[in-house]
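According to our numbering, numbering within the sequence shown proceeds without interruption in unit steps and concludes at 159. Each residue gets a CB set at the ideal place from its N, CA and C atoms; glycine is no exception. Remember, predicted model here, so these are calculated numbers, not experimental data.
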Amino acid sequence: MWCNRSKIRFHKWLKQIHALSIQGNYELRIDLEDFDNSTAYAQYETFGVGLFSVDPDDDGYPLTVGDYSGNAGDALLKHNGMKFTTKDKDNDHSENNCASFYHGAWWYRNCHTSNLNGQYLRGQHTSYADGIEWSTWTGWQYSLKFSEMKIRPARDESK
């Protein structure tokens, strides 16, 4: 599902992902590409948004991820259980609003190890951690060329 950086679109996107993820067990795969055309991925066998929420909108659409595998490093571990933060809805456990400070919207936790909704800065940059970041793969001052989050029903290993 596509989303852009407007508040309304984030809310709609979160609502759609929540509605989908509560229907069963889902997994998440994140594909990443840098400006040298190197690629990496992060796979989470457990994924959901607002899975345990009575009112996910009030609860901030908390992220659930688990069972990481891949070659990009687990840059979502820190964000597990966090509510989604935007510039006008601060849920990030930081004195500053991470969405404002890092120019994005994400499941920030004081503030982030990944920021796939950050600014498109074309690779190496001098500003700190405000690009499209996956710090466990490219560090804090490298904005990725491409990122894609894909979800699908989890495979039933018992069959």
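What residues in its chain sit with their C-beta under 6 Å from that of residue i, if we drop five residues either side in the sequence?
i: Ser94; result: Asn110, Cys111
i: Ile30; result: Ala42, Met149
i: Thr64; result: Gly48, Leu51
i: Glu33; result: Thr39, Lys145, Phe146
i: Trp107; result: Leu63, His79, Met82, Phe84
In terms of residues, what are the limits of the beta strand (DSSP E) holding residue i?
i: Asp31; result: 26–33
i: Ala75; result: It is not in any beta strand (DSSP E) - Ala75 carries neither H nor E in the DSSP assignment.
i: Ala40; result: 39–49
What's the call for residue i, buried or exposed, on a 16-neighbour Cβ count within 10 Å?
i: Lys83; result: buried
i: Pro62; result: buried
i: Ser147; result: buried
i: Asn96; result: exposed
i: Pro56; result: buried
i: Ser127; result: exposed
Going by beta carbon distance, what residues of the same chain come within less than 8 Å of residue i, once the five residues before and after it are set aside?
i: His125; result: Gly131, Gln141, Tyr142, Ser143
i: Asn91; result: Gly60, Met82, Lys83, Phe84, Thr85, Tyr108
Starting from residue i and walking both ways along the alpha helix (DSSP H), at which residues does that stretch end?
i: Pro56; result: 56–59
i: Trp100; result: For clarity, residue 100 is Ser in the given sequence; the question names Trp instead. From DSSP, the alpha helix (DSSP H) with Ser100 extends over 98–101.
Quick one: what's got a C-beta closer than 7 Å to residue i's C-beta in the same chain, skipping five residues either side?
i: Asp74; result: Ala42, Tyr68, Thr136
Is there at least one Cβ from chain D nearer than 8 Å to residue i's Cβ?
i: Asp92; result: Annotation note: the requested chain D is absent from the structure, which comprises a single protein chain.
- prompt: Is the region 19–27 close to the region 122–136, with three or more CB pairs under 8 Å?
  reply: Here the region 19–27 does not lie against the region 122–136, with fewer than 3 beta-carbon pairs under 8 Å apart.
query: Between the region 33–50 and the region 66–83, do at least 3 Cβ pairs fall closer than 8 Å?
result: Yes, they touch.
At least three beta-carbon pairs within less than 8 Å, the region 11–18 to the region 47–61: Counting Cβ pairs under 8 Å, three or more are found: they touch.
- request: Pick out the complete alpha helix (DSSP H) segments inside the region 116–141, 4 residues or longer, and give them in chain order.
  value: Taken in chain order, the complete alpha helix (DSSP H) segments of 4 or more residues contained in the region 116–141 are 135–138.
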